[in-house]
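> Counting in the numbering used here, the sequence shown tops out at residue 353, every number present. We put the CB at the ideal spot given by N, CA and C, even for glycine. Just so you know, these numbers come straight off a predicted model, no measurement behind them.
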Amino acid sequence: LQQRRKPVPGMPRPASLNAFDIISFSRGFDLSGLFGDSGEGSRFISGAPVSKIISKLEEIAKVVSFTVRKKDCRVSLEGSTRDGSKTPLTLQAEIFELTPSLVVVEVKKKGGDKVEYEEFFDRELRPGLETLAIDDPATIAAAVSAAGNCHEPLPSDSE
């Protein structure tokens, strides 16, 4: 995990997180409720390449016949409208660079039924993505520490 992420041709580089972004991820500082966001979502840290994360999201969407829309490091998954539901279940996953070797993946419900979202999350999304997640604090700390000791300039987002 201490290696620098190599740019993949045709694949955009995720937006980098700054200290304020990371602090805002803390539950105590989550102000999304003030702006009408339901706050239904999840985040995880991964050492996988962005292309692998996006491919996994596409794979999950295909299994449940969701439509996939991609733009840069954002992926939207949209289901069909269910009986009695006015809007289809819609999710958005966004990938952010934490360090050159780690990314944060944030998945949020953007539309649809809350119960349907929870079922989809528990049955499909979480099991499908957990192989990409790093949940060992020591591994994360080592990668963050290694990034802090790196004195090379980071490549720009335009590279």
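Bridge partners of G157, per DSSP?
Absent from the structure is residue 157, since the part of the chain shown begins at 195 and ends at 353.
> Return the bridge partner residues of E291 from the DSSP annotation.
Numbered from 1 along the sequence shown, position 97 holds the residue referred to as residue 291. Partner(s): S210 and V297.
> In this structure, how does DSSP classify I334 when only helix, strand and coil are distinguished?
Start at 1 with the first residue of the sequence shown, and residue 334 comes out as number 140. Correct three-state label for I334: helix.
> Buried or exposed for T293, please, with buried defined as at least 16 other CB atoms from any protein chain shown within 10 angstroms of its CB.
On the sequence shown, position 99 is the one that residue 293 refers to. Answer is buried; the Cβ neighbour count reaches 16.
> Taking 8 Å as the threshold (C-beta atoms), are S210 and E291 in contact?
Locating residue 291 in the sequence shown gives position 97, counting from the first residue. Locating residue 210 in the sequence shown gives position 16, counting from the first residue. In this structure, S210 lies closer than 8 Å to E291 by Cβ.
> Locate the alpha helix (DSSP H) running through L251, then write down its first and last residues.
Residue mapping note: residue 251 aligns to position 57 of the sequence shown, counting from 1. Start and end: V244 to V257.
> Buried or exposed for E313, please, with buried defined as at least 16 other CB atoms from any protein chain shown within 10 angstroms of its CB.
As a first step, residue 313 is located in the sequence shown; it is residue number 119 there, counting from the start. Exposed is the call here.
> Pull up the distance between the alpha-carbon of S240 and that of A327, whole angstroms please.
Numbered from its first residue, the sequence shown carries residue 240 at position 46. Numbered from its first residue, the sequence shown carries residue 327 at position 133. Approximately 5 Å between the Cα atoms of the pair.
> Within a Cβ cutoff of 7 Å, which residues of the same chain sit near K264, ignoring the five residues on either side of it in sequence?
For this step, residue 264 is matched to residue 70 along the sequence shown. Excluding sequence neighbours, K264 sits near I248.
> T275 to A336, Cα distance in whole Å?
One-based indexing of the sequence shown puts residue 275 at position 81. One-based indexing of the sequence shown puts residue 336 at position 142. About 44 Å.
> I need the straight-line Cα distance from F229 to P282, nearest angstrom please.
Residue numbering aside, residue 229 sits at position 35 when the sequence shown is read from its first letter. Residue numbering aside, residue 282 sits at position 88 when the sequence shown is read from its first letter. At F229 the pLDDT is 45, less than 50, meaning the model places this residue with poor confidence; the figure from the coordinates comes in the next sentence. For F229 and P282, the distance between alpha carbons rounds to 22 Å.
> To the nearest angstrom, how far is the alpha carbon of K246 from that of E272?
On the sequence shown, position 52 is the one that residue 246 refers to. On the sequence shown, position 78 is the one that residue 272 refers to. Near 20 Å, if we compare the C-alpha coordinates of E272 and K246.
> Give me, in chain order, the residues of the same chain whose beta-carbon lies closer than 6 Å to that of G305; leave out the 5 immediate sequence neighbours on both sides.
Along the sequence shown, read from residue 1 onward, the residue named residue 305 stands at position 111. Closer than 6 Å at the Cβ level, and outside the excluded window around G305, lie T281 and T284.
> Identify which residue in D307, V244 and L296 has its Cα closest to the Cα of T333.
Taking the sequence shown and counting its residues from 1, the one referred to as residue 333 is at position 139. Comparing Cα positions, the closest option is L296.
> So the alpha helix (DSSP H) L323 belongs to, where does it begin and stop?
To locate residue 323, count along the sequence shown from 1; it is residue 129. Element bounds for L323: R320 to L323.
> Please classify R207: is it buried, with 16 or more other beta-carbons within 10 angstroms of its beta-carbon, or exposed?
Working through the sequence shown from its first residue, we reach residue 207 at position 13. R207 comes out buried.
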